[in-house]
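Reviewing the structure listed below.
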Amino acid sequence: MKALQYRSVGAAPEVVTVPDPEPGPGQVLLKVTAAGVCHSDIAVMSWPAEALPFPLPLTLGHEGAGTVAALGDGVTGVSVGDSVAVYGPWGCGVCAKCAQGRENYCLRAKQLGIAAPGLGAPGAIAEYLLVDDARHLVPLGDLDPVRTVPLTDAGLTPYHAIKQSLPKLVPGSTAVVIGAGGLGHVAIQLLRAMTAARVVALDVSEEKLALAREVGAHEVVRSDANAAARIRELTGGLGAEAVFDFVGAGPTAATAGAAVAVEGDVTIVGLGGGSLPVGFGTVPYDAAVRAPYWGSRGELIEVLDLARAGAVEVHVETYSLDEAPAAYERLHAGKVNGRAVILPNG
Ligand code: NAD
Ligand code: ZN
Ligand code: ZN
Numbered sequence: 000m001k002a003l004q005y006r007s008v009g010a011a012p013e014v015v016t017v018p019d020p021e022p023g024p025g026q027v028l029l030k031v032t033a034a035g036v037c038h039s040d041i042a043v044m045s046w047p048a049e050a051l052p053f054p055l056p057l058t059l060g061h062e063g064a065g066t067v068a069a070l071g072d073g074v075t076g077v078s079v080g081d082s083v084a085v086y087g088p089w090g091c092g093v094c095a096k097c098a099q100g101r102e103n104y105c106l107r108a109k110q111l112g113i114a115a116p117g118l119g120a121p122g123a124i125a126e127y128l129l130v131d132d133a134r135h136l137v138p139l140g141d142l143d144p145v146r147t148v149p150l151t152d153a154g155l156t157p158y159h160a161i162k163q164s165l166p167k168l169v170p171g172s173t174a175v176v177i178g179a180g181g182l183g184h185v186a187i188q189l190l191r192a193m194t195a196a197r198v199v200a201l202d203v204s205e206e207k208l209a210l211a212r213e214v215g216a217h218e219v220v221r222s223d224a225n226a227a228a229r230i231r232e233l234t235g236g237l238g239a240e241a242v243f244d245f246v247g248a249g250p251t252a253a254t255a256g257a258a259v260a261v262e263g264d265v266t267i268v269g270l271g272g273g274s275l276p277v278g279f280g281t282v283p284y285d286a287a288v289r290a291p292y293w294g295s296r297g298e299l300i301e302v303l304d305l306a307r308a309g310a311v312e313v314h315v316e317t318y319s320l321d322e323a324p325a326a327y328e329r330l331h332a333g334k335v336n337g338r339a340v341i342l343p344n345g
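When the count follows numbering that gives the first Met the number 0, it moves up by one through the sequence shown with no breaks and lands on 345 for the last residue.
Structure representation (structure tokens):
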């Protein structure tokens, strides 16, 4: 089969032919209908060899959807032909975190050598994808896999982040989304669907700010050195109850810290390498700062139910498998509006 692989450190990913995977006991083989392209892959491909946590070559793609093509021995709960989305942050399934469905924080994944598809295990930007266990599949039913597949990461990750801050996002509050890209444009819609907060979106691109408005941001602000002051102005000097940073660079983390309210939350989701020093006087009183990873199995089911209710619509650009390297180039250049989705089987 054809697959998009990251093959050598620092090089662009390539479409190659690899052996067709076959499901072993307990595994499920999917014929991939759609696979999303995440900026995290670009971060991973910029890391030096010593920082890479997995060996190369690696088939990319950690947002996957497909139809069940074959079942390994002993698999129950799914049938050949089912349309499913893949829960990506695979864990052991039995530790205390996994028992709560929070496999993104599995206590034993590292020790057992368990990795997410596209982030260590062979990923979804291929004609077929091997899934380690049926519990990592969520039925899509009538949902369109192409428009839904980004919700497995670009939806689930902001959903998990926003859920932690829900108690603070009461009517009259303000939520800030920094970076209105793949994750950010979904985050804006989730905030509108889940809270009564006023949503302020920041980006460096006019096109992304236009998308932010289109998907429900009440205010848009250019992300520059004056952005925090502008947010304070918009909030009567008080700042925002929650700031979600989907860039995570030094300047955006600084904006987040300067824009957050007393007792507010800063959530750094982006892998931009920045950080926010926390200490008395460096952030407003009692502000909390966290850096979460992906989301839980239960949360993915909730996000898909929100999509089913019509509350979130991902803006997608589609590409063939042969065009996948170009999709990464466009994402790297900041030219993807919404999410790029690869259709490996046309
Ligand atoms: P994306 O490229 O689709 O979106 C990034 C957006 O940020 C773009 O709209 C871009 O114009 C904007 N931007 C760039 N610099 C900016 C700045 N200084 N201020 C404001 N906006 C700026 O990327 P994505 O796929 O949505 O991913 C966003 C980030 O989240 C990436 O760093 C990615 O690695 C990370 N991520 C983290 C997790 C996690 O679990 N923590 C999961 C998925 C993605
Ligand atoms: Zn991702
Ligand atoms: Zn576990």
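All C-beta atoms in this analysis are idealised placements derived from N, C-alpha and C, irrespective of residue type, glycine included.
- The DSSP-derived three-state label of Gln4 is strand.
- Annotation for Lys207: the continuous alpha helix (DSSP H) segment containing it runs Glu205 to Glu213.
- Within 7 Å of the C-beta of Cys37 there is at least one heavy atom belonging to ligand 2.
- Judged by the Cβ position, Tyr292 qualifies as a neighbour of ligand 1 at the 7 Å threshold, a heavy atom of the ligand being closer than this.
- Restricting attention to alpha helix (DSSP H) runs no shorter than 4 residues, the segment 77 to 144 encloses them at 95 to 98 and 108 to 111, ordered along the chain.
- Here Glu298 carries a helix assignment [DSSP, helix/strand/coil].
- Remark: the C-beta of Thr251 is in contact range of ligand 1, defined as less than 7 Å to any heavy atom.
- Within its own chain, the residues whose Cβ lies closer than 8 Å to the Cβ of Val83, once the five positions on either side in sequence are excluded, are Leu29, Ala64, Gly65, Thr66, Val67, Val77, Leu136, Val137, Pro138 and Leu139, listed in chain order.
- Straight across, the Cα-Cα distance linking Ala339 with His61 is about 13 Å.
- Taking the Cβ atoms as the reference, Tyr5 lies roughly 6 Å from Leu55, within the contact range of under 8 Å.
- Residue environment: Phe279 is assigned as exposed (fewer than 16 neighbouring CB atoms within 10 Å of its CB, all protein chains considered).
- In summary, Val277 is exposed, with fewer than 16 beta-carbon neighbours lying within 10 Å of its beta-carbon over all protein chains present.
- For Val259, the uninterrupted beta strand (DSSP E) run begins and ends at Val259 to Ile267, by DSSP.
- Minimum Cα-Cα distance from Val15 among the listed residues Leu190, Glu298 and Asp321 corresponds to Asp321.
- Here DSSP, grouped into helix, strand and coil, assigns Ala200 to strand.
- With a cut-off of 8 Å on Cβ pairs, the segment 44 to 52 is not in contact with the segment 258 to 266, counting fewer than three such pairs.
- Contact between the segment 189 to 204 and the segment 212 to 221 is present: 3 or more CB-CB pairs across the two stretches fall below 8 Å.
- Note on geometry: alpha-carbon atoms of Asp223 and Thr194 lie some 27 Å from one another.
- The C-alpha of Leu111 lies about 15 Å from the C-alpha of Ala95.
- DSSP places Asp40 in the uninterrupted alpha helix (DSSP H) bounded by His38 to Val43.
- Sequence-distant partners of Tyr292 (beyond 5 residues in either direction) whose C-beta falls short of 6 Å from its own C-beta, in its chain, are Asn103.
- Within 7 Å of the C-beta of Gly119 there is not a single heavy atom belonging to ligand 3.
- Ala153 and Pro24 have their C-alpha atoms spaced approximately 31 Å apart.
- In the structure shown, the three-state DSSP call for Leu29 is strand.
- Around the CB of Ser7, fewer than 16 other CB atoms lie within 10 Å, so the residue is classed as exposed.
- Check the Cα spacing between Phe53 and each of Val176, Pro283, Asn225 and Ala115: the tightest is with Ala115.
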